[in-house]
Amino acid sequence: MSVPLTANHKSLQCHRWDGVLDWAQMLSGAGLITFMWMHMILVASVVISPSVMNAIAGFFESTGLAQVGGPLIFLLFLAHFVLAARKIPFRLEGQKTIWEHAKLLHHTDTWLWVVQVVSAMIILVMGAIHMWVVLSDLPITALKSAARIQSGAWIFFYLLLLPLVELHVGIGLYRIAVKWGLAGRSDRKGLKRGENLLTLIFITIGVLTLIRFWFLKG
Amino acid sequence: MARSLKFNIFRYNPQDPESTPHMESFVLEETDSMTLFIVLNRIREEQDPSLQFDFCCRAGICGSCGMVVNGRPSLACHTKTKDLPEEITLLPLPVFQLVGDLSVDTGSWFRELYDTVESWIHTKKAFDPTAKEERMENEVAEAIYELDRCVECGCCVAACGTARLRPDFLGAAGLNRVGRFLIDPRDERTEQDYYQIIGNDMGIFGCMGLLACEDVCPKHMPLQDQLGFLRKKMGITALKSFFTK
Chain A
425 MSVPLTANHK SLQCHRWDGV LDWAQMLSGA GLITFMWMHM ILVASVVISP
475 SVMNAIAGFF ESTGLAQVGG PLIFLLFLAH FVLAARKIPF RLEGQKTIWE
525 HAKLLHHTDT WLWVVQVVSA MIILVMGAIH MWVVLSDLPI TALKSAARIQ
575 SGAWIFFYLL LLPLVELHVG IGLYRIAVKW GLAGRSDRKG LKRGENLLTL
625 IFITIGVLTL IRFWFLKG
Chain B
43 MARSLKFNIF RYNPQDPEST PHMESFVLEE TDSMTLFIVL NRIREEQDPS
93 LQFDFCCRAG ICGSCGMVVN GRPSLACHTK TKDLPEEITL LPLPVFQLVG
143 DLSVDTGSWF RELYDTVESW IHTKKAFDPT AKEERMENEV AEAIYELDRC
193 VECGCCVAAC GTARLRPDFL GAAGLNRVGR FLIDPRDERT EQDYYQIIGN
243 DMGIFGCMGL LACEDVCPKH MPLQDQLGFL RKKMGITALK SFFTK
């Protein structure tokens, strides 16, 4: 007896977009991770010398990367949020469900997802503020960055934004690797340890950079 | 000296209008090689004959006794009390319909799942009962067998964040089931056919990669690898169809 190749289930429509959106979510995340690493190289170069940072910033400026790339990164940032938000429960009922689930399960990766979501919400607001402040006052120079960090409550702003971004980036990279089968079950433990280490290193570099900015005088 | 174990057990009978969901405590002396299966039977025999829970094989094969043990979905027959603290909380598996106390209806859920993913070999060849069975490579047979080891206990589904948020999500058990047919040379379905079933947020693209399924599976099924394989496969299929149509 032969059986039809595909039965006519209502739910079995072609969902090409779901796959494309999943790719877009992953690629936008990977793009932002790469950007964050480059960003870290730029700002952390102030630890070596403000002139090194000015030279790198000058390069981005003279090639138009800051003027064009900056707003494009902002768009990518927004696009990544919209794509990833498809999985975030925005209704209280869903939020309560996932919170209770995480509390009950005592499972690190489930908690990491909660951290990813909560950090995403805060990064959305704080990252947008940061980008607006920087991009509306080009060119980027070490002294201007230092002046900002030394004024008002900006130091607290960055002391909060830094670990949130690094956590989000670290967890995101780990999640991409396990979700897309880039890391197998035998690699997972090592991958997680590597990610934790990388996150810690980046937070340390970031804190050192903030300290350097705090003491940098014109 | 034997430990005195306290069990906090969820009690509720949806069939009884008088019943309300509550926790009830039972105390038992621990014995050698004690499993939760033994505990629940002793409580039912010695303390409360109305306690409802499921079991069948007592050996981690039938998958009937899945329940949440101190927060983690596990099989009661596989869980030894010596690995647990003195106070143990037992809850029914979430996601599935509650029958009563610790008993849930995983059967209807899996029946619907198998209907949705069309969990059978799709072929145009007419079956000849007198013919010899078609041969396949040993590695292929072993790979299929590895994915067929699932006992449908529902632990992976109960531990899944997506399944808790989306009632239509197929869960690791469902996706693993599709993966089993995907590598079966007798099944004539194409990648596009599989994409129709799992190439959406109800299927593989709904998976958020929390991997609780991998971590709680009592049969240690290779769920992380399987989900990664399916995401890659279906992701490539999505791109192919996006650029060719």
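Chains A and B, in that order, give the protein sequences. Counting in the numbering used here, the first sequence runs from 425 upward without gaps. Counting in the numbering used here, the second sequence runs from 43 upward without gaps. Note that the Cβ used here is the ideal one computed from N, Cα and C, for glycine as well. Since the structure is predicted, the reported quantities are computational estimates derived from the model, not experimental observations.
Considering just the uninterrupted stretch of the alpha helix (DSSP H) at residue i, what are its terminal residues?
i, result
"B:Phe169", "That residue, B:Phe169, is in no alpha helix (DSSP H); it is neither H nor E in DSSP."
"A:Glu619", "Arg612 to Phe639"
"B:Ile51", "Looking at the DSSP string, B:Ile51 is not in any alpha helix (DSSP H); the run it does join, the beta strand (DSSP E), is Ser46 to Arg53."
"B:Glu256", "Ala254 to Val258"
"A:Val541", "Thr532 to Leu559"
"A:Pro587", "Trp578 to Lys603"
"B:Gly270", "Leu265 to Thr286"
"B:Lys122", "No alpha helix (DSSP H) holds B:Lys122; DSSP gives it neither H nor E."
"A:Leu570", "Going by the sequence as given, residue 570 of chain A is Ala instead of Leu. Residues Ala566 to Gln574."
Can you find the residues in the same chain that come closer than 8 Å, C-beta to C-beta, to residue i, ignoring five residues on each side of it along the sequence?
i, result
"A:Trp535", "Ala526"
"B:Met244", "Arg208, Asp210, Phe211 and Leu212"
"A:Leu500", "Ser452, Gly455, Leu456 and Phe459"
"A:Arg440", "none"
"B:Ser84", "As written in the sequence, residue 84 of chain B is Arg, which differs from the Ser given in the question. Around B:Arg84: Leu70."
"A:Val602", "Arg612 and Leu615"
"A:Leu496", "none"
"B:Lys48", "Ser67, Phe68, Val69, Glu128, Glu129 and Ile130"
With a CB to CB cut of under 6 Å and the five nearest residues on each side skipped, what residues in its chain are close to residue i?
i, result
"A:Glu590", "Thr623, Phe626 and Ile627"
"B:Tyr237", "Met276 and Thr279"
"B:Ala101", "none"
"A:Val467", "Thr633"
"B:Ala185", "Ile225"
"A:Arg636", "Val470 and Val471"
"A:Leu436", "With a pLDDT of only 49 at A:Leu436, under 50, the local geometry of the prediction cannot be trusted, and no value is derived from it."
Quick one: what's got a C-beta closer than 7 Å to residue i's C-beta in the same chain, skipping five residues either side?
i, result
"B:Glu66", "Ile51 and Arg53"
"B:Met250", "Gly203 and Thr204"
"A:Gly482", "none"
"B:Cys306", "Since the first and last residues shown for chain B are 43 and 287, residue 306 of chain B lies out of range."
"B:Asn218", "Leu189, Cys192, Met263, Leu265 and Gln268"
From residue i to residue j, what does the alpha carbon distance come to, in whole angstroms?
i, j, result
"A:Arg612", "A:Thr532", "13 Å"
"A:Pro414", "A:Phe484", "The question about residue 414 of chain A has no answer, for chain A in this structure spans 425 to 642."
"A:Phe631", "A:Leu583", "Before going on, a small fix: residue 631 of chain A reads as Val here, not Phe. C-alpha separation (whole angstroms): 8 Å."
"A:Ile595", "A:Trp537", "8 Å"
"B:Leu189", "B:Val69", "39 Å"
"B:Gln94", "A:Ser452", "49 Å"
"B:Cys104", "B:His262", "15 Å"
"B:Glu72", "B:Arg45", "5 Å"
"A:Arg510", "A:Ile547", "17 Å"
"B:Pro127", "A:Tyr598", "32 Å"
"A:Ile522", "A:Met477", "43 Å"
"B:Gly241", "A:Gly488", "40 Å"
"B:Trp162", "A:Gly443", "25 Å"
"A:His463", "A:Ala607", "26 Å"
"B:Pro136", "A:Lys641", "59 Å"
"A:Asn620", "B:Leu78", "36 Å"
"A:Ser475", "A:Lys520", "50 Å"
"A:Glu524", "A:Ala552", "31 Å"
"B:Asp143", "B:Pro134", "7 Å"
"B:Gln139", "A:Gly494", "51 Å"
"B:Gln234", "A:Gly605", "20 Å"
How about residue i: is its C-beta nearer than 7 Å to some C-beta of chain B?
i, result
"A:His530", "yes"
"A:Trp638", "no"
"A:Trp521", "A small fix is needed here, since residue 521 of chain A is Thr in this sequence, not Trp. It does; some Cβ of chain B falls within 7 Å."
"A:Pro513", "yes"
"A:Trp644", "Beyond the ends of chain A as shown, which are 425 and 642, falls residue 644 of chain A; an answer cannot be given."
"A:Thr534", "yes"
Could you pull the start and end residues of the beta strand (DSSP E) that residue i belongs to?
i, result
"B:Gly142", "Gln139 to Gly142"
"B:Asp147", "Ser145 to Asp147"
"B:Pro115", "Arg114 to Leu117"
"B:Glu66", "His64 to Glu71"
"B:Glu129", "Glu129 to Leu133"
So is residue i in contact with chain A if we call contact Cβ pairs under 7 Å?
i, result
"B:Gln266", "yes"
"B:Tyr252", "The question names Tyr, but residue 252 of chain B in the sequence shown is Leu. Closer than 7 Å: yes."
"B:Leu70", "no"
"B:Lys122", "no"
"B:Gly221", "no"
"B:Ala200", "no"
"B:Asn50", "no"
"B:Asn180", "no"
"B:Ser161", "no"
"B:Ser283", "yes"
Every unbroken alpha helix (DSSP H) inside the segment 439-518 of chain A [4 residues or more]
Counting only runs of 4 or more, we get 440-472, 474-486 and 494-508.
Residue ranges of each alpha helix (DSSP H) run of no fewer than 4 residues wholly in the segment 73-109 of chain B, ordered along the chain?
Secondary structure remark: continuous alpha helix (DSSP H) runs of at least 4 residues inside the segment 73-109 of chain B, in chain order: 78-88.
4-residue-minimum alpha helix (DSSP H) runs that sit fully inside the segment 167-215 of chain B, ordered along the chain
Fully enclosed alpha helix (DSSP H) runs of no fewer than 4 residues occupy 180-190, 197-200 and 203-207 of the segment 167-215 of chain B, in order along the chain.
In chain order, which continuous runs of the alpha helix (DSSP H) of length 4 or greater are located wholly inside the segment 220-251 of chain B?
Correct list: 233-240.
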